[in-house]
Amino acid sequence: MDAIILQVLNGLDKGSAYALIALGLTLIFGTLGVVNFAHGALFMLGAFCAVTLQRLFTLSYTVIDETQTDFLGNPKKVQIPYVESWFGEDFGHWLIDWSVPLAVLFAIPVMILLGFILERGLIKHFYKRPHADQILVTFGLAIVLQELIKYFFGANPIPTPAPEVFQGSFDFGVLIGFPPNAIIYPYWRMIYFVFSLLIIAMVFGFLQFTTFGMVVRAGMADRETVGLLGINIDRKFTIMFGIAAAVAGVAGVMYTPINSPNYHMGMDFLVLSFVVVVVGGMGSLPGAVLAGFLLGILEAFASMNWIKDIIPGIDQIIIYLIAIVILLTRPRGLMGRKGVMEE
Amino acid sequence: MSKTTLTRRGMLRTGAATGAGLALPTIFTSGASAFTNEPGDSEVVLGFNVPQTGPYADEGADELRAYELAVEHLNGGGDGGMLNTFSSKVLDGTGILGRKVSYVTGDTQTKSDAARASAKSMIEKDGAIMITGGSSSGVAVAVQGLCQEAGVIFMAGLTHSNDTTGKDKKANGFRHFFNAYMSAAALAPVLEKLYGTDRSAYHLTADYTWGWTQQESIAAATEAMGWNTVNNVMTPLASTDFSSYIAPVLNSGADVLVLNHYGGNMVNSLTQAVQFGLRDKQVNGKNFEIVVPLYSELMAKGAGENISGIVGSQNWDWKLEDEGTKAFVQSFGTKYGFPPSQAAHTCYAQTLIYADAVTRAGSFNPCDVAAALEGYEFDGLGNGPTLYRADDHQCFKDVLVVRGAENPEDEFHLVEIVEVTPVTQVTYPPDHPMFAGGDLGSCNPGA
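Listed in order, the protein sequences are those of chains A and B. Sequential numbering from 1 applies to the first sequence in this note's numbering. Sequential numbering from 1 applies to the second sequence in this note's numbering.
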């Protein structure tokens with residue numbers, strides 16, 4: 001039982017990432033009608049916002065320490081971060097330690113701005129083009145973005161740890177009546193799950209309870225009629241692209257302590273996130289979230305040894321298997337709407 | 001009955017025809033090469049096939065730095081590096097056999113097909129007479145096969161699978177780097193000393209040639225000293241999140257986790273294992289331990305403080321105290337500003353060893369070079385006395401057992417040397433079952 005609960009927890013944090021990326025993909029598809037293959041790259045760029053902020057905080061000046069020698073036997077150059085020099089050692093250390101959570105604040109404006117630039121500079125030119133063209137251009141964009149990141153940050157994963165206070169794990173089993181050490185779960189994964197729920201709630205709340213959201217939802221349902229009412233729906237949709245980019249970005253930021261970021265991490269999530277969108281139902285925001293968590297949990301279960309003993313390799317195909325079954329039984333996905341991607 | 005009349009003119013004509021006939025093969029071959037890419041009188045081209053893109057691009061960049069340094073030293077530039085400490089003294093800084101060394105580079109992308117394509121291009125278009133490099137056993141095996149077919153020497157870069165000099169060995173291929181068997185043979189006694197003989201190990205293994213042979217080797221070595229292998233779970237090479245593979249470890253009864261992972265796989269699996277509290281856990285009345293059989297400095301950097309206290313093995317480390325290592329670190333560090341990785345070391349050494357073999361053979365012919373390398377013993381290249389065994393073209397030398405530093409003084413001291421395991425302890429017979437199934441074949445000079 002404890003193993004099952006642990007895999008549910010594992011599925012929830014992986015599902016959180018799927019859900020957040022799929023949510024952004026669905027927002028862009030639902031508003032702009034664009035199949036955005038660069039969305040995984042936006043997730044990756046978010047993660048590198050955390051790396052960038054960490055590097056900014058650790059920017060250092062060099063002091064020659066005559067009492068120590070470097071690997072060549074020369075006097076050692078000691079690096080002292082500017083933030084520790086400017087704000088005192090304690091606060092400077094705190095800034096560096098908390099660089100990942102602080103990077104959320106850094107990533108939101110950066111990603112919104114980036115979203116605007118991408119949408120106005122490139123993607124808007126492909127609105128009326130076939131989906132195949134959109135896929136090609138956004139996939140190309142994803143490759144360009146990841147190669148740029150590799151050029152500037154290298155190919156190896158870069159450690160971006162959580163704040164010291166959130167490192168390590170806690171005994172989740174004790175909280176639900178299991179003996180000690182039965183279900184150990186890392187703090188940060190739990191934080192990631194709660195964070196993703198918060199972001200999902202904020203996006204839904206924004207669309208449901210604001211005038212802006214109401215117009216966007218109306219535009220998603222009938223773009224032409226909203227336009228005839230004198231509302232500049234294109235501008236609203238551009239903002240939605242920025243918001244979707246920010247959602248992917250903050251998802252990437254908070255994911256960095258779970259997996260050290262590397263230039264390829266967006267591609268690792270992209271295909272699975274598209275499967276999530278299709279399983280959830282094209283254009284359905286609740287469907288994307290539901291499918292994200294569902295597939296994350298099923299994927300975690302499929303990694304259990306006794307299941308793999310029965311069906312070897314099931315952990316590699318489970319998501320695609322579920323996608324086939326759902327599309328055969330519910331061709332529009334779990335919560336897909338009639339008419340979306342059906343013309 | 002026929003009558004034969006022998007005239008002077010007829011004799012001359014027959015003689016000329018016979019002479020021309022006998023000389024025919026020489027006439028046709030004297031203008032062509034006797035082997036693939038026979039160099040001219042002024043220059044010889046080497047092909048450096050390293051990952052310049054893809055997941056091991058940083059390792060490839062370090063390999064390329066080492067190759068450039070080796071070429072500089074062979075051509076008489078810089079401080080000479082390990083040319084000064086190499087036991088063989090035939091290299092004098094005038095290139096190779098009087099030819100200036102130049103090089104071309106290819107990008108393996110850490111993909112077998114891309115690596116073969118780039119090696120093929122360097123051989124066919126650029127005239128490379130030797131191919132070297134790589135950071136993956138899959139790539140090494142693929143490129144080694146190509147070089148065998150093409151008739152050029154392959155001096156493998158970073159490849160650790162037993163198969164490279166086991167079932168996939170080739171007469172034209174030579175490996176300086178150690179292998180999975182050697183890692184296990186070096187690690188087992190240290191693990192016994194540190195963690196005892198009554199242990200239960202759970203293996204997570206990268207699902208490709210290197211992972212399989214690494215797991216087989218370390219499981220055999222630890223079982224031989226009394227450890228029990230609880231489970232071995234294959235993980236896809238493309239995995240980034242290992243949490244669902246790590247979760248079952250917690251309740252498996254194992255008290256040791258062996259991560260047969262390398263590169264990004266290892267960084268992620270180790271980080272996540274630590275995050276799940278494995279290192280704080282007590283199982284069977286013992287502290288839970290994690291073992292990483294193959295280490296690299298770049299991986300240690302990626303894993304950050306999670307690496308501290310974790311035991312593994314290396315082919316070489318810049319902190320060794322021998323004269324060869326000191327000379328190499330001085331050259332490399334002065335030129336690039338940081339110490340070389342073990343990938344850089346093995347690539348630098350392979351280039352010098354090849355140049356030395358050509359010089360001793362007095363020929364670039366791959367078969368002469370191979371003969372000069374087979375059974376060759378040398379010293380002064382950072383690993384102590386080393387043998388290039390003739391039976392399988394595997395180098396035999398001391399192996400390092402290392403541990404992640406508890407409190408590293410800087411980013412260059414993430415790993416500390418626990419023990420230098422003597423070569424006798426990691427040597428195995430050529431017909432060892434883990435290396436069975438291959439045939440070295442005969443050298444191919446190509447052309």
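Glycine is no exception: its CB is placed at the ideal position from the N, C-alpha and C atoms.
query: Residue-level contact to chain B via CB, A:L270, 8 Å cutoff; result: no
query: Proximal chain B residues relative to A:N10, where beta-carbon distance stays under 7 Å; result: S243, S244 and A247
query: Buried versus exposed call for B:Y56 [16 or more other C-beta atoms within 10 Å across all chains shown]; result: buried
query: Any non-hydrogen atom of the ligand MN closer than 7 Å to A:G292 Cβ; result: Looking for the ligand MN in the displayed structure turns up nothing, as the structure carries no ligands at all.
query: Three-state secondary structure (DSSP) of B:F234; result: According to the sequence as given, residue 234 of chain B is Met; it is not Phe. B:M234: strand per DSSP, three-state reduction.
query: Bounding residues of the beta strand (DSSP E) (the contiguous stretch that carries A:L229); result: Here A:L229 belongs to no beta strand (DSSP E), and DSSP marks it neither H nor E.
query: Min CB distance A:G168 to chain B below 8 Å; result: yes
query: Within-8 Å CB hit, B:T222 to chain A; result: no
query: Residue environment, A:L1, which counts as buried when at least 16 other CB atoms sit within 10 Å; result: A small fix is needed here, since residue 1 of chain A is Met in this sequence, not Leu. By the neighbour-count rule (16 or more Cβ atoms within 10 Å), A:M1 is not buried but exposed.
query: DSSP-derived helix/strand/coil call for B:C443; result: coil
query: Buried or exposed by the 16-neighbour rule on C-beta atoms within 10 Å, applied to B:S118; result: buried
query: Reference B:M266, options B:V292, B:T424 and B:E305, closest by Cα; result: B:V292
query: A:G154 at chain B interface by Cβ criterion, 8 Å; result: yes
query: Cβ-based contacts, 9 Å cut-off: residues of the stretch 274-305 of chain A near chain B; result: E299, A300, F301, A302, S303, M304 and N305
query: Coarse secondary structure for B:P293, derived from DSSP in three states; result: strand
query: Under 9 Å (Cβ pairs) to chain A, residues found in the stretch 264-280 of chain B; result: G264, V267, N268, T271, Q272, V274, Q275, F276, G277, L278 and D280
query: Residues of its chain near B:G166, where Cβ-Cβ distance is below 6 Å and the 5 sequence neighbours each way are ignored; result: F435 and G438
query: Contacts that B:E339 makes with chain A (C-beta to C-beta distance below 9 Å); result: According to the sequence shown, residue 339 of chain B is Pro rather than Glu. Residues of chain A passing the Cβ test: F71 and L72.
query: Buried versus exposed, by CB contacts within 10 Å (16 or more), A:L105; result: exposed
query: Distance, B:G40 Cα to B:R360 Cα; result: 19 Å
query: Closest residue to A:I4 among B:C367, B:F328 and B:L250 (Cα-Cα distance); result: B:L250
query: Own chain partners of B:S112 with C-beta closer than 7 Å, once the 5 adjacent residues on each side are dropped; result: G138, V139 and A142
query: Option nearest B:V369 by Cα separation, candidates B:V358, B:I96 and B:T229; result: B:V358
query: Supposed close pair B:Q455, B:T53 - CB separation, criterion 8 Å; result: This structure does not reach residue 455 of chain B, given that chain B is present from 1 up to 447, and the question cannot be answered.
query: DSSP three-state assignment for A:F237, whether helix, strand or coil; result: helix
query: Where A:W86 falls, given that 16 or more other Cβ within 10 Å makes a residue buried; result: exposed
query: C-alpha gap between A:V325 and A:L198, whole angstroms; result: 31 Å
query: Spatial neighbours of A:N262 in its chain, beta-carbon cut-off 8 Å, leaving aside the 5 residues before and after; result: A155, N156, P157 and I158
query: Residues within the stretch 105-125 of chain A neighbouring chain B, beta-carbon criterion of under 8 Å; result: none
query: B:C347 versus B:G80 - alpha carbon distance; result: 16 Å
query: Residue nearest to B:V258 in terms of C-alpha spacing, selected from B:N228, B:S121 and B:A405; result: B:N228
query: B:D62 at chain A interface by Cβ criterion, 8 Å; result: no
query: Burial state of B:S87 (16 or more Cβ within 10 Å); result: exposed
query: Three CB pairs or more closer than 8 Å across the stretch 339-356 of chain B and the stretch 381-397 of chain B; result: yes
query: Option in A:G230, A:A302, A:L56 and A:M220 with minimal Cα separation from A:L95; result: A:L56
query: Reduced DSSP secondary structure (H/G/I, E/B, other) of A:F7; result: Note on residue identity: the sequence assigns Gln, not Phe, to residue 7 of chain A. Helix.
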